[in-house]
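Asks:
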Amino acid sequence: MVSGIVKTGIVAAVGVVVIVLSSTLGWILVPDIATSEAIITADNEAVFAAWSSPPVPVYIDFFLFNCTNCEDPTDQDVVLHLDQLGPFSFTEGRIKYGVIEKNGLLTYRENITYFHTPGVGELGLDVEVVTVNPVYFTLASLISDLAPEDLADRLSIIMHNKLDEEGEKPFMKRKVREMLFDGWSLQPYINILESFQNETGIELPPLPDDPKFGFFYGRNGTNLGVFKIESGANGLDQLGFIRTWNGKESVDYWNDIYCNMINGTDGAIYPPLVDTSEKVYIFTPDLCRSVYATYERDVETEGIIGNRFTVPEIVFNTYDPENLCYCPDHKIDPDLCFSTGILDMRPCLFGAPVLLSTPHFYMGDEKYVKAFTGLAPNKEWHETHFDLEPVTAARLCK
Numbered sequence: 009m010v011s012g013i014v015k016t017g018i019v020a021a022v023g024v025v026v027i028v029l030s031s032t033l034g035w036i037l038v039p040d041i042a043t044s045e046a047i048i049t050a051d052n053e054a055v056f057a058a059w060s061s062p063p064v065p066v067y068i069d070f071f072l073f074n075c076t077n078c079e080d081p082t083d084q085d086v087v088l089h090l091d092q093l094g095p096f097s098f099t100e101g102r103i104k105y106g107v108i109e110k111n112g113l114l115t116y117r118e119n120i121t122y123f124h125t126p127g128v129g130e131l132g133l134d135v136e137v138v139t140v141n142p143v144y145f146t147l148a149s150l151i152s153d154l155a156p157e158d159l160a161d162r163l164s165i166i167m168h169n170k171l172d173e174e175g176e177k178p179f180m181k182r183k184v185r186e187m188l189f190d191g192w193s194l195q196p197y198i199n200i201l202e203s204f205q206n207e208t209g210i211e212l213p214p215l216p217d218d219p220k221f222g223f224f225y226g227r228n229g230t231n232l233g234v235f236k237i238e239s240g241a242n243g244l245d246q247l248g249f250i251r252t253w254n255g256k257e258s259v260d261y262w263n264d265i266y267c268n269m270i271n272g273t274d275g276a277i278y279p280p281l282v283d284t285s286e287k288v289y290i291f292t293p294d295l296c297r298s299v300y301a302t303y304e305r306d307v308e309t310e311g312i313i314g315n316r317f318t319v320p321e322i323v324f325n326t327y328d329p330e331n332l333c334y335c336p337d338h339k340i341d342p343d344l345c346f347s348t349g350i351l352d353m354r355p356c357l358f359g360a361p362v363l364l365s366t367p368h369f370y371m372g373d374e375k376y377v378k379a380f381t382g383l384a385p386n387k388e389w390h391e392t393h394f395d396l397e398p399v400t401a402a403r404l405c406k
């Protein structure tokens, strides 16, 4: 269970630091490899090369929110004001390796590397941003979860006092590069934890050997695990479908079989002959789950007609019966679940109080938008969508 102060703080975190969800999902454009002759196999060199090392550049923009009035976050009368900064532009490179073909399936890892490619007028990665301190709230949540119930309040006060003694506050100022890939030192927090453990006798989890934190620290030049997907040899209607991830047919983060299912593709390729009456499922390890998109309308991109699919509001609706299993607390008390628009990531991040939302809380509960000034949810800018050419299911991008 997360205490009220932690829940309030992390809701602020989602408002202050919003990474475009479409970036998190990792959807990319792959050339036309989804034709009737485009089964992915090493014997088909052109198709295999396009799949394993996509030649089309992938551009990702990060946007961060800077809090302009966080001097006294304990003042309950202050409505936090957020200024959006960005984009901070990167090019993403993907290379699949260790590919094994067997029984119409492809097993592989995919190395993902990010290169900073600043656009005209970009502020640069050394600009400082005032934002919520995620490590501060993680420690507060950790004590709340680990301490005996009769001691939780007292130990929580001890932890807050130690944080204050070290000059650690609920909000912090960091460079963009630190917040994204470079990370910042956690040594002050390690010192606090060691001191706290010695004083209280509370057994804490093993401390990290590399005490740094960043939202994407340790992710550059790494992979998201071992995928096993359909090559199309067992039927092009199954092309790209994930059969296992890290050797498992499902994940084990959530409360029941339905939410733990691995459905669909990784978002890079789709079966040809798009059926607009069907949901398009995508599994992404960053979300620890599958999500789906539904057909909205046809669009035209440079003279080519495409089917636009958007992620509907119901995917983020906490109280939809199909989504209750994504709330770790709903069996204890449904009122502990976050409202629509928030994805609670604690179950798949070792209990760390991390939440995700769409940009500006687009399609989220109105109370989240009204909790801040400076937010302006807008369908054109903030929805998650992708366009598929109807025959090949190739991604269309401007």
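The opening position of the sequence shown corresponds to residue 9 in this note's numbering, with each subsequent residue numbered one higher.
We put the beta carbon where it would ideally sit given N, CA and C, even for glycine.
All of these numbers come straight from a predicted model, not from anything done at the bench.
(1) Using alpha carbons as the reference points, say which of Asn77, Tyr122 and Glu330 lies closest to Glu100.
(2) Flag this pair as touching only if the region 358–376 and the region 264–274 have three or more C-beta atom pairs under 8 Å; answer yes or no.
(3) With distances taken from CA atoms, which of Leu215, Thr115 and Leu396 is nearest Leu150?
(4) Using a Cβ-Cβ cut-off of 6 Å (strictly less than) and excluding sequence neighbours within five positions of Leu344, which residues of its own chain qualify?
(5) Checking the sheet assignment: what are the DSSP bridge partners for Lys375?
(6) Note down the Cα distance separating Val140 from Phe380, rounded to an integer number of angstroms.
(7) Between Gly112 and the rest of its own chain, which residues show a CB-CB distance below 6 Å, the 5 nearest in sequence each way excluded?
(8) Three-state secondary structure (DSSP) at Gly144?
(9) Less than 8 Å between the C-beta atoms of Lys181 and Asp134, yes or no?
(10) If you scan the region 79–146 from start to end, which runs of the beta strand (DSSP E) of 3 or more residues do you find wholly inside it?
(11) Which whole-angstrom value is the C-beta distance of Gly382 and Phe369, which I expect to be below 8 Å?
(12) Got a sec? Which residues, its chain only, sit under 8 Å from Ser31 by beta carbon, not counting five neighbours each side?
(13) Within 10 angstroms of the Cβ of Pro367, are there 16 or more other Cβ atoms? Answer buried if so, exposed if not.
(14) Ignoring anything shorter than 3 residues, give me the beta strand (DSSP E) runs that lie fully in the region 173–241, in order along the chain.
(15) Within the chosen definition, does the region 215–234 reach the region 259–273 through at least 3 CB pairs nearer than 8 Å?
(16) Could you name the residues of the same chain whose beta carbon sits closer than 6 Å to that of Met269, not counting the 5 residues immediately before and after it, in chain order?
(17) Measure the C-alpha to C-alpha separation of Tyr327 and Glu157 and round it to an integer number of angstroms.
(18) Applying the 10 Å Cβ sphere with the 16-neighbour rule, what's the burial state of Asn331?
(19) Work out the CA separation of Cys267 and His389 for me, nearest whole Å.
(20) In whole angstroms, what separates the C-alpha of Asn325 from that of Ile340?
Replies: In this structure, then:
(1) Within the sequence shown, numbered from 1, the residue matching residue 100 stands at position 92. Ranking Asn77, Tyr122 and Glu330 by Cα distance to Glu100 puts Tyr122 first.
(2) no
(3) Translated into positions along the sequence shown, residue 150 becomes position 142. Nearest C-alpha to Leu150: Leu215.
(4) Within the sequence shown, residue 344 is the residue found at index 336, counting from 1. Answer for Leu344: Asp337, listed in chain order.
(5) In the sequence shown, residue 375 corresponds to position 367, counting from 1. Paired residues: none, contrary to the question.
(6) Within the sequence shown, residue 140 is the residue found at index 132, counting from 1. Within the sequence shown, residue 380 is the residue found at index 372, counting from 1. Approximately 13 Å between the Cα atoms of the pair.
(7) Counting from 1 along the sequence shown, the entry for residue 112 is found at position 104. Excluding residues within five positions, the ones whose Cβ falls inside 6 Å are Ser239, Ala241 and Asn242.
(8) Locating residue 144 in the sequence shown gives position 136, where the first residue counts as 1. In the sequence on display, residue 144 carries Tyr and not Gly. The answer is helix: DSSP assigns Tyr144 an H, G or I state.
(9) For the purposes of this step, residue 181 is identified with residue 173 of the sequence shown, where counting begins at 1. For the purposes of this step, residue 134 is identified with residue 126 of the sequence shown, where counting begins at 1. Not a contact, by the Cβ cut-off of 8 Å.
(10) 88–110, 113–124 and 136–140
(11) The residue you call residue 382 lines up with position 374 of the sequence shown. The residue you call residue 369 lines up with position 361 of the sequence shown. About 12 Å separates the two Cβ atoms, so there is no contact after all.
(12) Here residue 31 corresponds to residue number 23 of the sequence shown, with the count starting at 1. Because Ser31 sits at a pLDDT of 39, beneath the cut-off of 50, its placement in the model cannot be relied upon, and the point is left open.
(13) In the sequence shown, residue 367 corresponds to position 359, counting from 1. The residue is buried, with at least 16 neighbouring Cβ atoms inside 10 Å.
(14) 179–183 and 235–238
(15) no
(16) Here residue 269 refers to the residue found at position 261 when the sequence shown is read from its first residue. So the qualifying residues of the chain are Ser258.
(17) Taking the sequence shown and counting its residues from 1, the one referred to as residue 327 is at position 319. Taking the sequence shown and counting its residues from 1, the one referred to as residue 157 is at position 149. The alpha-carbon atoms of Tyr327 and Glu157 are separated by roughly 28 Å.
(18) Taking the sequence shown and counting its residues from 1, one reaches residue 331 at position 323. Burial call: buried.
(19) As a first step, residue 389 is located in the sequence shown; it is residue number 381 there, counting from the start. As a first step, residue 267 is located in the sequence shown; it is residue number 259 there, counting from the start. According to the sequence displayed, residue 389 carries Trp and not His. For Trp389 and Cys267, the distance between alpha carbons rounds to 29 Å.
(20) By one-based count along the sequence shown, residue 325 stands at place 317. By one-based count along the sequence shown, residue 340 stands at place 332. Going by the C-alpha atoms only, they are around 19 Å apart.
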